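For reference, each letter of the sequence shown is one residue, going 1 to 180 in my numbering.
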Amino acid sequence: MSVVGFDVGFLSCYVAVARAGGIETIANEYSDRCTPACVSFGPRNRSIGAAAKSQVVTNCKNTVQGFKRYHGRAFSDPYVQSARSGLVYELAQMPTGTTGIKVMYMEEEKVFSIEQVTAMLLTKLKETAESAMKKPVADCVISVPCFYTDAERRSVIDAAQIAGLNCLRLMNETHRYVLL
């Protein structure tokens, strides 16, 4: 079983795997190696990646992007509070005090944690890897910004666990360039 690398950026994501003596970036179902870091919630379904990005204009209040910056942050955090006014979608406080995202999904108002939304995206990336490799993916390495705090890093690991992934290591984004 191969270990897969996930680069979940603020706006886009990449999936990479070691093959034939090098690192190969895997293409998604649109034959694109870059998948938008976007999740859209609709009345009957949920879209992720390019399909979600196409709904930014028509379903703006229920299409979320840039959520990576809220990992491990309390809803009361001044950064979260200052960012709220510039967002089209709505942030909400989770029962634990962390930041969540309020959307209309399946014709009900729902609040998802940042970890849940990230897990949705990671699940999509995992499916992309499994489709390309033709075998199940369990172990992974995920890149995170080098400035992420311990709480933010734990939040990403929690998201990986929700997605059914065993995150062997979080790698600073600056180190990923050495591998590519």
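A virtual CB, placed ideally from N, CA and C, is assigned to each residue, including glycine.
Just so it is clear, the structure is predicted and the values come from calculations on it, not from any experiment.
Inter-residue spacing [alpha-carbon to alpha-carbon] between PHE10 and ALA16: Your numbering for residue 10 matches position 10 in the sequence shown. Your numbering for residue 16 matches position 16 in the sequence shown. The alpha-carbon of PHE10 is positioned some 17 Å away from that of ALA16.
Can you list the beta strand (DSSP E) stretches of 3 or more residues lying completely in the stretch 82-133, in chain order? Entirely contained in the stretch 82-133, the beta strand (DSSP E) runs reaching 3 residues are, in chain order, 90-93, 99-105 and 108-113.
Which of the three DSSP states is assigned to VAL64 in this structure? For the purposes of this step, residue 64 is taken as residue 64 along the sequence shown, with counting starting at 1. Residue state, collapsed to three classes: strand.
Straight-line CA distance for LEU168 to TYR89? The sequence position of residue 168 within the sequence shown is 168, counting from 1. The sequence position of residue 89 within the sequence shown is 89, counting from 1. Here the alpha carbons of TYR89 and LEU168 stand approximately 32 Å from one another.
Does DSSP put THR174 in a helix, in a strand, or in coil? The sequence position of residue 174 within the sequence shown is 174, counting from 1. If DSSP states are grouped into helix, strand and coil, THR174 belongs with the helices.
Based on the DSSP secondary-structure assignment, which residues constitute the bridge partners of GLU152? Within the sequence shown, residue 152 is the residue found at index 152, counting from 1. Paired residue(s): none; GLU152 is not in a bridge.
Compute the Euclidean distance between the alpha carbons of ILE23 and GLU173, then round it to the nearest angstrom. In the sequence shown, the residue the question calls residue 23 occupies position 23. In the sequence shown, the residue the question calls residue 173 occupies position 173. Cα-Cα distance, rounded: 16 Å.
In whole angstroms, what is the alpha-carbon distance linking SER2 and ARG19? The residue labelled residue 2 in the question sits at position 2 within the sequence shown. The residue labelled residue 19 in the question sits at position 19 within the sequence shown. Using only the alpha carbons, I get a separation of about 9 Å.
Straight-line Cα distance separating TYR148 from CYS34: As a first step, residue 34 must be located in the sequence shown, where it is residue number 34. As a first step, residue 148 must be located in the sequence shown, where it is residue number 148. Distance between the alpha carbons of CYS34 and TYR148: 23 Å.
Range covered by the alpha helix (DSSP H) that runs through ALA27: Translated into positions along the sequence shown, residue 27 becomes position 27. Following the DSSP letters along the chain, one finds ALA27 in no alpha helix (DSSP H), marked with neither H nor E.
Identified DSSP bridge partners for ALA74: Start at 1 with the first residue of the sequence shown, and residue 74 comes out as number 74. The partner list for ALA74 (beta bridge, DSSP) reads THR98.
So, with DSSP's three-state summary, where would you put VAL80? The residue given as residue 80 occupies position 80 in the sequence shown. Reduced to three states, the DSSP call for VAL80 is helix.
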